[in-house]
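S.K.: Handing you a structure now.
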Amino acid sequence: MTQKITKLWIDESGDPGFKLEAGSTKFFVVAAVYGASDSFDAQKVSRTLDLAKIKLGLIRDYELKFSRCRNNFKIEVLKIIARMPLRYKAVIVDKNQILRSNSRFTSKSLYAEVIKRLLYDNNPPLNRTTLILDESVAKIHKTEFNARIKRSVSRSVISKIVQKRSRGEAMIQIADLVAGCIYRKYENGDDSYYKLISSGEQILIGF
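Pasting the structure below:
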(Lines of atoms letter the chains of each structure in order from A and count residues from 1; the text may use other names and numbers.)
(Lines give C-alpha, C1' and ligand atoms only; values in the text may rest on other atoms or scores of the structure.)
Protein backbone atom coordinates (compact mmCIF):
# COMPACT_ATOMS: atom_id res chain seq x y z
CA MET A 1 0.00 0.00 0.00
CA THR A 2 1.31 3.45 -0.92
CA GLN A 3 2.35 5.60 2.00
CA LYS A 4 0.41 8.81 2.48
CA ILE A 5 1.85 11.79 4.33
CA THR A 6 -0.45 13.25 6.98
CA LYS A 7 2.05 15.66 8.59
CA LEU A 8 4.84 17.80 7.14
CA TRP A 9 7.19 19.75 9.41
CA ILE A 10 8.74 22.70 7.59
CA ASP A 11 11.59 25.10 8.30
CA GLU A 12 14.04 27.16 6.29
CA SER A 13 17.61 28.39 6.09
CA GLY A 14 18.91 31.58 4.55
CA ASP A 15 16.49 34.43 3.98
CA PRO A 16 13.91 35.14 1.26
CA GLY A 17 15.07 38.71 0.61
CA PHE A 18 16.60 39.90 -2.67
CA LYS A 19 18.90 42.71 -1.48
CA LEU A 20 22.04 40.67 -2.06
CA GLU A 21 24.29 43.72 -2.00
CA ALA A 22 22.92 44.57 1.46
CA GLY A 23 23.63 41.17 2.97
CA SER A 24 20.78 38.90 1.87
CA THR A 25 21.85 35.32 1.28
CA LYS A 26 22.45 34.05 -2.26
CA PHE A 27 20.39 30.93 -1.60
CA PHE A 28 17.19 30.24 0.31
CA VAL A 29 16.28 26.69 1.32
CA VAL A 30 12.99 25.33 2.65
CA ALA A 31 12.92 21.73 3.88
CA ALA A 32 9.94 19.53 4.70
CA VAL A 33 10.45 16.51 6.96
CA TYR A 34 8.03 13.61 7.34
CA GLY A 35 7.82 10.06 8.62
CA ALA A 36 9.13 7.30 6.37
CA SER A 37 6.13 5.04 7.03
CA ASP A 38 2.48 5.20 8.09
CA SER A 39 3.49 3.91 11.54
CA PHE A 40 5.83 6.87 12.14
CA ASP A 41 5.79 8.10 15.75
CA ALA A 42 6.86 11.74 16.16
CA GLN A 43 6.81 11.41 19.95
CA LYS A 44 9.34 8.60 19.79
CA VAL A 45 11.60 10.78 17.64
CA SER A 46 11.23 13.58 20.17
CA ARG A 47 12.25 11.28 23.03
CA THR A 48 15.25 10.03 21.05
CA LEU A 49 16.34 13.60 20.43
CA ASP A 50 15.93 14.44 24.12
CA LEU A 51 18.20 11.53 25.08
CA ALA A 52 20.77 12.66 22.51
CA LYS A 53 20.80 16.14 24.03
CA ILE A 54 21.35 14.75 27.52
CA LYS A 55 24.23 12.55 26.33
CA LEU A 56 25.83 15.64 24.81
CA GLY A 57 25.53 17.45 28.13
CA LEU A 58 22.66 19.67 27.01
CA ILE A 59 19.42 20.33 28.84
CA ARG A 60 16.37 18.55 27.45
CA ASP A 61 14.65 21.70 26.22
CA TYR A 62 17.77 23.00 24.46
CA GLU A 63 16.69 24.16 21.01
CA LEU A 64 18.72 22.61 18.21
CA LYS A 65 19.33 25.19 15.50
CA PHE A 66 21.86 24.71 12.73
CA SER A 67 23.08 28.31 12.92
CA ARG A 68 23.69 28.19 16.68
CA CYS A 69 24.84 24.67 17.56
CA ARG A 70 28.50 23.92 18.05
CA ASN A 71 29.94 21.82 15.23
CA ASN A 72 30.51 18.71 17.37
CA PHE A 73 26.89 18.84 18.59
CA LYS A 74 25.61 19.17 15.03
CA ILE A 75 27.64 16.23 13.79
CA GLU A 76 26.50 13.89 16.55
CA VAL A 77 22.84 14.91 16.29
CA LEU A 78 22.86 14.63 12.49
CA LYS A 79 24.24 11.10 12.74
CA ILE A 80 21.33 10.22 15.04
CA ILE A 81 18.80 11.87 12.72
CA ALA A 82 20.18 9.88 9.78
CA ARG A 83 19.21 6.67 11.61
CA MET A 84 15.67 7.85 12.33
CA PRO A 85 12.73 6.71 10.15
CA LEU A 86 12.55 10.10 8.45
CA ARG A 87 12.53 11.42 4.91
CA TYR A 88 12.81 14.95 3.61
CA LYS A 89 12.31 17.00 0.49
CA ALA A 90 13.53 20.53 -0.07
CA VAL A 91 13.41 23.48 -2.44
CA ILE A 92 16.63 25.37 -3.18
CA VAL A 93 16.18 28.94 -4.39
CA ASP A 94 19.05 30.46 -6.35
CA LYS A 95 18.25 34.16 -6.07
CA ASN A 96 20.73 35.23 -8.72
CA GLN A 97 18.94 33.00 -11.19
CA ILE A 98 15.60 34.57 -10.26
CA LEU A 99 17.03 38.08 -10.62
CA ARG A 100 18.44 37.22 -14.05
CA SER A 101 15.04 35.97 -15.17
CA ASN A 102 13.38 39.25 -14.10
CA SER A 103 10.81 37.33 -12.06
CA ARG A 104 9.17 39.50 -9.43
CA PHE A 105 8.88 38.17 -5.91
CA THR A 106 8.64 39.78 -2.50
CA SER A 107 9.96 37.87 0.50
CA LYS A 108 6.38 36.94 1.42
CA SER A 109 5.37 35.78 -2.04
CA LEU A 110 8.62 33.84 -2.49
CA TYR A 111 8.10 31.94 0.76
CA ALA A 112 4.55 30.99 -0.23
CA GLU A 113 5.64 29.99 -3.75
CA VAL A 114 8.40 27.76 -2.37
CA ILE A 115 5.94 26.01 -0.05
CA LYS A 116 3.61 25.45 -3.00
CA ARG A 117 6.45 23.88 -4.99
CA LEU A 118 7.05 21.47 -2.11
CA LEU A 119 3.38 20.55 -1.98
CA TYR A 120 3.09 20.05 -5.73
CA ASP A 121 5.65 17.25 -5.45
CA ASN A 122 3.06 14.67 -4.47
CA ASN A 123 5.38 11.72 -3.94
CA PRO A 124 4.56 10.22 -1.51
CA PRO A 125 1.02 11.57 -1.83
CA LEU A 126 -0.29 14.11 0.66
CA ASN A 127 -3.57 13.09 2.27
CA ARG A 128 -5.37 15.85 4.17
CA THR A 129 -1.94 16.75 5.46
CA THR A 130 -1.24 19.14 8.31
CA LEU A 131 1.56 21.62 7.63
CA ILE A 132 3.50 22.48 10.78
CA LEU A 133 5.63 25.62 10.50
CA ASP A 134 7.94 27.43 12.88
CA GLU A 135 5.90 30.32 14.28
CA SER A 136 8.99 32.54 14.27
CA VAL A 137 8.89 32.77 10.47
CA ALA A 138 8.09 36.47 10.67
CA LYS A 139 8.56 36.87 6.93
CA ILE A 140 4.98 35.74 6.48
CA HIS A 141 1.67 37.06 7.71
CA LYS A 142 -0.22 34.01 8.91
CA THR A 143 -3.63 34.89 7.45
CA GLU A 144 -2.18 36.00 4.11
CA PHE A 145 0.08 32.97 3.84
CA ASN A 146 -2.71 30.51 4.69
CA ALA A 147 -4.95 32.12 2.08
CA ARG A 148 -2.24 31.86 -0.60
CA ILE A 149 -1.74 28.17 0.06
CA LYS A 150 -5.42 27.30 0.34
CA ARG A 151 -6.16 29.06 -2.96
CA SER A 152 -3.59 26.88 -4.68
CA VAL A 153 -3.93 23.51 -2.96
CA SER A 154 -7.02 21.36 -2.47
CA ARG A 155 -8.27 20.61 1.05
CA SER A 156 -7.94 16.93 0.18
CA VAL A 157 -4.20 17.61 0.01
CA ILE A 158 -3.72 20.15 2.84
CA SER A 159 -6.34 20.20 5.58
CA LYS A 160 -4.66 22.45 8.15
CA ILE A 161 -1.77 24.88 8.54
CA VAL A 162 -0.45 25.43 12.05
CA GLN A 163 2.47 27.34 13.51
CA LYS A 164 4.32 26.11 16.58
CA ARG A 165 7.29 27.25 18.61
CA SER A 166 10.34 25.36 17.42
CA ARG A 167 11.72 25.18 20.97
CA GLY A 168 8.98 22.71 21.90
CA GLU A 169 8.72 20.87 18.59
CA ALA A 170 11.51 18.38 17.90
CA MET A 171 10.43 17.80 14.31
CA ILE A 172 10.72 21.50 13.46
CA GLN A 173 14.21 21.47 14.96
CA ILE A 174 15.06 18.54 12.70
CA ALA A 175 13.66 20.42 9.69
CA ASP A 176 15.86 23.38 10.66
CA LEU A 177 18.95 21.16 10.80
CA VAL A 178 18.15 19.54 7.45
CA ALA A 179 17.57 22.93 5.81
CA GLY A 180 20.81 24.19 7.34
CA CYS A 181 22.81 21.27 5.95
CA ILE A 182 21.48 21.88 2.44
CA TYR A 183 21.94 25.63 2.71
CA ARG A 184 25.56 25.26 3.83
CA LYS A 185 26.24 23.08 0.78
CA TYR A 186 24.92 25.66 -1.68
CA GLU A 187 25.76 28.95 0.04
CA ASN A 188 29.23 28.00 1.29
CA GLY A 189 30.21 25.02 -0.86
CA ASP A 190 30.53 22.85 2.26
CA ASP A 191 28.73 19.51 1.90
CA SER A 192 30.20 17.83 4.99
CA TYR A 193 26.98 18.17 7.00
CA TYR A 194 24.76 17.42 4.01
CA LYS A 195 26.50 14.08 3.49
CA LEU A 196 25.45 13.02 6.99
CA ILE A 197 21.72 13.32 6.24
CA SER A 198 21.48 12.79 2.46
CA SER A 199 20.37 9.15 2.84
CA GLY A 200 16.95 10.47 3.89
CA GLU A 201 16.53 12.64 0.83
CA GLN A 202 13.42 12.19 -1.31
CA ILE A 203 13.99 15.05 -3.73
CA LEU A 204 15.75 18.41 -4.07
CA ILE A 205 13.75 20.85 -6.17
CA GLY A 206 15.59 23.68 -7.90
CA PHE A 207 13.84 27.04 -8.10
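The opening position of the sequence shown corresponds to residue 903 in my numbering, with each subsequent residue numbered one higher. All residues carry an ideal CB built from backbone N, CA and C; glycine is no exception.
(1) Give me, in chain order, the residues of the same chain whose beta-carbon lies closer than 6 Å to that of P1026; leave out the 5 immediate sequence neighbours on both sides.
(2) Between K909 and the ligand FAD, is there a pair consisting of the residue's CB and a ligand heavy atom that are separated by less than 6 Å?
(3) Find the nearest neighbour of E978 within the set I1105, I1099, L1106, F1109, judged by alpha-carbon distance.
(4) According to DSSP, D1093 sits in a beta bridge with which residue or residues?
(5) Using only CA atoms, which one of G1091, K991, D1023 lies nearest to V1059?
(6) Please state whether DSSP places D1036 in a helix, a strand or coil.
(7) What is the C-beta distance between I1197 and L1033, in whole angstroms, given that I count them as a contact (C-beta under 8 Å)?
(8) Tell me where the alpha helix (DSSP H) around I977 begins and ends.
(9) CA-CA distance, S1101 and F920?
(10) Taking the alpha-carbon positions, what's the L922 to I1084 distance?
(11) Determine the direct distance from the alpha carbon of K991 to that of R985, and round the result to whole angstroms.
M.R.: This is what the structure holds:
(1) Numbered from 1 along the sequence shown, position 124 holds the residue referred to as residue 1026. Shown here for P1026: same chain residues with a beta carbon closer than 6 Å to its own, the five before and five after excluded, namely Q905, I907 in chain order.
(2) Although the ligand FAD was asked about, the structure shown includes no ligands whatsoever.
(3) Start at 1 with the first residue of the sequence shown, and residue 978 comes out as number 76. Taking only the C-alpha atoms, the option nearest E978 is I1099.
(4) Taking the sequence shown and counting its residues from 1, one reaches residue 1093 at position 191. For D1093, which the question treats as bridged, DSSP gives no partner whatsoever.
(5) Taking the first residue of the sequence shown as position 1, residue 1059 is located at position 157. Closest option to V1059, Cα to Cα, is D1023.
(6) In the sequence shown, the residue the question calls residue 1036 occupies position 134. Look at D1036 here: in three-state DSSP terms it is strand.
(7) One cannot answer for residue 1197 here, as it falls past the ends of the chain, which runs 903 to 1109.
(8) Translated into positions along the sequence shown, residue 977 becomes position 75. Per DSSP, I977 belongs to the alpha helix (DSSP H) from 973-984.
(9) Within the sequence shown, the letter at position 199 stands for residue 1101. Within the sequence shown, the letter at position 18 stands for residue 920. One Cα belongs to S1101, the other to F920, and the distance between them is close to 31 Å.
(10) Within the sequence shown, numbered from 1, the residue matching residue 922 stands at position 20. Within the sequence shown, numbered from 1, the residue matching residue 1084 stands at position 182. Distance between the alpha carbons of L922 and I1084: 19 Å.
(11) Here residue 985 corresponds to residue number 83 of the sequence shown, with the count starting at 1. Here residue 991 corresponds to residue number 89 of the sequence shown, with the count starting at 1. If I take the Cα positions, the gap works out to 17 Å.
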